[in-house]
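Shown next, in structure tokens, is the structure this report addresses.
There are 2 protein chains.
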Amino acid sequence: MNLRVPGPTPCPEEILQSGAQQMINHRGPEFAEIMFRVHSGLQKIFQTENDILLLTASGTAAMEAAIVNTLSPGDRILGVTIGVFGDRFCQVAEAYGADLVKLQSPLGSAVDPDSVKAVLESDPAIKAVAITHNETSTGVTNDLEAVCRVVKSYDKLLLVDAISSLGCIPLETDGWGCDVVMTASQKGFIVPPGLAFVSVSPRAWAASKQATMPRFYLDFSRHLNSFQRGQTPWTPAVSVFMALDRALDIMLDEGMSAIYERHARLARMTREGIKALGLELFAQNEEYASNTVTAVKVPADLEAKVLLDTLRTKHGVVLAGGQGPVMEGKVFRVGHLGYVTEEDIHGVLQALELTLPRI
Amino acid sequence: MNLRVPGPTPCPEEILQSGAQQMINHRGPEFAEIMFRVHSGLQKIFQTENDILLLTASGTAAMEAAIVNTLSPGDRILGVTIGVFGDRFCQVAEAYGADLVKLQSPLGSAVDPDSVKAVLESDPAIKAVAITHNETSTGVTNDLEAVCRVVKSYDKLLLVDAISSLGCIPLETDGWGCDVVMTASQKGFIVPPGLAFVSVSPRAWAASKQATMPRFYLDFSRHLNSFQRGQTPWTPAVSVFMALDRALDIMLDEGMSAIYERHARLARMTREGIKALGLELFAQNEEYASNTVTAVKVPADLEAKVLLDTLRTKHGVVLAGGQGPVMEGKVFRVGHLGYVTEEDIHGVLQALELTLPRI
Chain A
1 MNLRVPGPTP CPEEILQSGA QQMINHRGPE FAEIMFRVHS GLQKIFQTEN DILLLTASGT
61 AAMEAAIVNT LSPGDRILGV TIGVFGDRFC QVAEAYGADL VKLQSPLGSA VDPDSVKAVL
121 ESDPAIKAVA ITHNETSTGV TNDLEAVCRV VKSYDKLLLV DAISSLGCIP LETDGWGCDV
181 VMTASQKGFI VPPGLAFVSV SPRAWAASKQ ATMPRFYLDF SRHLNSFQRG QTPWTPAVSV
241 FMALDRALDI MLDEGMSAIY ERHARLARMT REGIKALGLE LFAQNEEYAS NTVTAVKVPA
301 DLEAKVLLDT LRTKHGVVLA GGQGPVMEGK VFRVGHLGYV TEEDIHGVLQ ALELTLPRI
Chain B
1001 MNLRVPGPTP CPEEILQSGA QQMINHRGPE FAEIMFRVHS GLQKIFQTEN DILLLTASGT
1061 AAMEAAIVNT LSPGDRILGV TIGVFGDRFC QVAEAYGADL VKLQSPLGSA VDPDSVKAVL
1121 ESDPAIKAVA ITHNETSTGV TNDLEAVCRV VKSYDKLLLV DAISSLGCIP LETDGWGCDV
1181 VMTASQKGFI VPPGLAFVSV SPRAWAASKQ ATMPRFYLDF SRHLNSFQRG QTPWTPAVSV
1241 FMALDRALDI MLDEGMSAIY ERHARLARMT REGIKALGLE LFAQNEEYAS NTVTAVKVPA
1301 DLEAKVLLDT LRTKHGVVLA GGQGPVMEGK VFRVGHLGYV TEEDIHGVLQ ALELTLPRI
């Protein structure tokens, strides 16, 4: 199968085999070695000196962790959303009683940093800003660096969902002043799902001391305490840790610049191929089209489900549909993140070419 | 290594290899097949017709899920604790604002069902009871069936931590009237950690409709909605699902009666061997000593850390120390749950025999 959904990414065989090693004691010295090594590799990729906490959970739990560890019920937060995942960040904040101000951009577009500025200027009570770096549902990447500049100029706490960007698209955690950055193992890190990574700046630690939203499993301070001993507070997904340990070596061997460049190149190749087939990108402007996932408009005379089923059953190509009630049937999506080569993208485009006229 | 901690259990090679299969789309038909098959296998082992939700998380998150989905802040809950894990259940309830009544038995003992009865009789405001089936920190198993009878006669919601018992020690979810039962993949299920399983009775579903504790990642209703389509609401630990799929076949092939009998037999063998070495069980009464983990008192002239290090480095036997500030240094623990044979226990006892006089 040519699995080209925006996560889980396929994994190199040697990473899968690393994850198939026999279990070890997660309170013993072997695990502690893995833990410290993995932490240091993650810091390089996050471009940060902040603590990075490893949660046995998926990305959504990391979003929840970012909210509940830094805010109290009633705290005002600006949720910048350009799609399903931005909306999810907002829903989490509301579920825990934050006072949400939502800044919504039209689907298919990126946020205009000036509109973030306008909200922050007009509403000084805002304490934190939550933003999606790369919106998986629409295939759009926000200009995070520009938004960070705005948010930092107003001295707000900055929570960044980098789940489908980190390790694929440049993100400078410290350089841009991101207080909490979260991502997950099954995207850029070419590892099976099961772990989420959350970086926590000194400012976010200070916020966590004041934050009264309830938390236990996701509590940052419990994770930090255990980390001192090379442990996690609760039993971790040991096999995903082992796989990650190998994956970070492979990633750092390829080099982050090379990885960013590969993602940019394969994304361009995908977009060019899609357009050459007479299809239209969902991103309104190619300038901010994502380098990890391409959302394609479903032509009016086509049923998305039929297209995806045919690609899968006749050509072994697995793409993703639209996500959620608004996007379902409206787009299909090609994932090109993590473990992906030119050949994989060729395969997708070829299968599309063979399938499209025959439906 | 002879890994004999009370979780993670070692895993059979074929289960590790099942978990090393290439990723699949967690929103596609292959995953849905696994999901439904796994659900039906779990129902057999839980002895229930209730829904079972699969969380990508460890057991502690499942305890949190049980609390936040059934209670509102201020609801009174009786926390029955006989050790670290019972205490943890209480801490979770308090973290989310429950009104906790704690019934604590001396460490090393099981709870007396009559003392549960006395509390419920004297305090009609109690809405729910949280109890640990098997206390991993002290090596004691509560007489859950008897406690269930008491709790049900007072018509209370019953939340059972069966993390280190289910699949190893008999537990009849429906027969005994347990409303929420939680366990995790790395114990009796001979699978790597990363998944937790939570059964939810109709009564617990009704409670969840009223419960106002905040929740998102662990929200039962979101999990149930996705389950209808053979999915999870958030990206699941796909490789652990694949491993579990194989493990359930292996378990049901061996047969649950045979598995219970094996655990009982190996636990007896462990206790006899420990006593023959002149060591003392931490459980005050062998009647309720656990069939999944044996806690052994550290003799006065011995340092637990030295003993465990010697066993590990000289004999390749990995045991666990005492858990938490109270138990650390006081006991060491032999796990005999999941994938364990007579030979494994022989190995432990032999290593202990060789090590004890030489320290």
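In order, the protein sequences belong to chains A and B. Residues in the first sequence are numbered consecutively from 1, following my numbering. Residues in the second sequence are numbered consecutively from 1001, following my numbering. For glycine and all other residues, C-beta sits at the position ideal for the given N, C-alpha and C.
Using beta carbons (cut-off 9 Å, strictly below), is residue i in contact with chain A?
| i | result |
| --- | --- |
| R1215 of chain B | yes |
| S1058 of chain B | yes |
| S1239 of chain B | yes |
| M1251 of chain B | no |
| H1336 of chain B | no |
| V1038 of chain B | no |
| H1315 of chain B | no |
| R1027 of chain B | yes |
| V1296 of chain B | no |
| C1090 of chain B | no |
| R1268 of chain B | no |
| A1095 of chain B | yes |
| P1236 of chain B | yes |
| M1327 of chain B | no |
| R1312 of chain B | yes |
| C1168 of chain B | no |
Have a look at the DSSP bridge pairing and note the partners of residue i.
| i | result |
| --- | --- |
| I52 of chain A | A:S199 |
| E1353 of chain B | Paired residue(s): none; E1353 of chain B is not in a bridge. |
| K1102 of chain B | B:G1079 |
| D161 of chain A | A:T132, A:M182 |
| R1333 of chain B | B:A1295, B:A1320 |
| L1003 of chain B | B:V1318 |
| G1140 of chain B | Sequence inspection shows Val at residue 1140 of chain B; the Gly mentioned does not correspond to that position. B:E1135, B:A1289. |
| L311 of chain A | The partner list for L311 of chain A (beta bridge, DSSP) is empty, contrary to what the question assumes. |
| L1071 of chain B | Its beta-bridge partners do not exist; DSSP assigns none. |
| L281 of chain A | A:V296 |
When the distance is taken between beta carbons, is residue j closer than 9 Å to residue i?
| i | j | result |
| --- | --- | --- |
| V1331 of chain B | A1304 of chain B | yes |
| A110 of chain A | V198 of chain A | no |
| G1059 of chain B | I1190 of chain B | no |
| G83 of chain A | M327 of chain A | yes |
| V293 of chain A | H346 of chain A | no |
| L1078 of chain B | K1156 of chain B | yes |
| C11 of chain A | A300 of chain A | no |
| T1341 of chain B | L1307 of chain B | no |
| L1376 of chain B | I1274 of chain B | Here chain B covers residues 1001 to 1359 and nothing more, so residue 1376 of chain B does not appear. |
| A20 of chain A | G139 of chain A | no |
| R276 of chain A | G316 of chain A | The sequence given here places Ala at residue 276 of chain A; Arg does not occur at that position. Result no, Cβ atoms of A276 of chain A and G316 of chain A do not sit closer than 9 Å. |
From the beta carbon of residue i, is the nearest beta carbon of chain B less than 9 Å away?
| i | result |
| --- | --- |
| G321 of chain A | yes |
| Q231 of chain A | no |
| E64 of chain A | yes |
| M182 of chain A | no |
| L84 of chain A | In the sequence under discussion, the amino acid at residue 84 of chain A is Val, which differs from the Leu named in the question. Judged by the 9 Å Cβ criterion, V84 of chain A is not in contact with chain B. |
| A20 of chain A | yes |
| A258 of chain A | no |
| A110 of chain A | no |
| E77 of chain A | Note that residue 77 of chain A is Ile in the sequence shown, not Glu. By this cut-off, I77 of chain A is not an interface position. |
| Q284 of chain A | no |
| G324 of chain A | no |
How far does the alpha helix (DSSP H) with residue i in it reach, from first residue to last?
| i | result |
| --- | --- |
| V1340 of chain B | Note, V1340 of chain B: premise wrong, no alpha helix (DSSP H); not H, not E. |
| M1063 of chain B | 1059-1068 |
| P1113 of chain B | 1113-1122 |
| D1253 of chain B | 1238-1254 |
| L42 of chain A | 29-46 |
| E13 of chain A | 13-18 |
| N1025 of chain B | No alpha helix (DSSP H) contains N1025 of chain B, which DSSP labels as neither H nor E. |
| W176 of chain A | 173-176 |
| G86 of chain A | 84-95 |
| S226 of chain A | 220-227 |
Should the segment 19-35 of chain A be regarded as contacting the segment 147-161 of chain A, the criterion being three or more beta carbon pairs within less than 8 Å?
no
The segment 264-278 of chain A / the segment 1249-1269 of chain B touching (three or more Cβ pairs under 8 Å):
By the criterion of at least three beta-carbon pairs nearer than 8 Å, the segment 264-278 of chain A is not in contact with the segment 1249-1269 of chain B.
Do three or more CB pairs link the segment 93-100 of chain A to the segment 72-83 of chain A at distances below 8 Å?
yes
Is the segment 42-51 of chain A touching the segment 60-67 of chain A, taking contact as three or more C-beta pairs under 8 Å?
no
Taking three-plus beta-carbon pairs below 8 Å as touching, is the segment 164-178 of chain A in contact with the segment 304-320 of chain A?
When Cβ pairs closer than 8 Å are counted between the two stretches, the segment 164-178 of chain A is seen not to touch the segment 304-320 of chain A, the count staying below three.
Would you check if there are 3 or more beta carbon pairs closer than 8 Å linking the segment 131-139 of chain A to the segment 214-229 of chain A?
no
If we count Cβ pairs, one from each stretch, closer than 8 Å, do we get three or more for the segment 1182-1200 of chain B versus the segment 1236-1244 of chain B?
yes
If contact is defined by three or more beta carbon pairs under 8 Å, each pair taking one atom from either stretch, is the segment 158-170 of chain A in contact with the segment 114-122 of chain A?
No contact exists between the segment 114-122 of chain A and the segment 158-170 of chain A.
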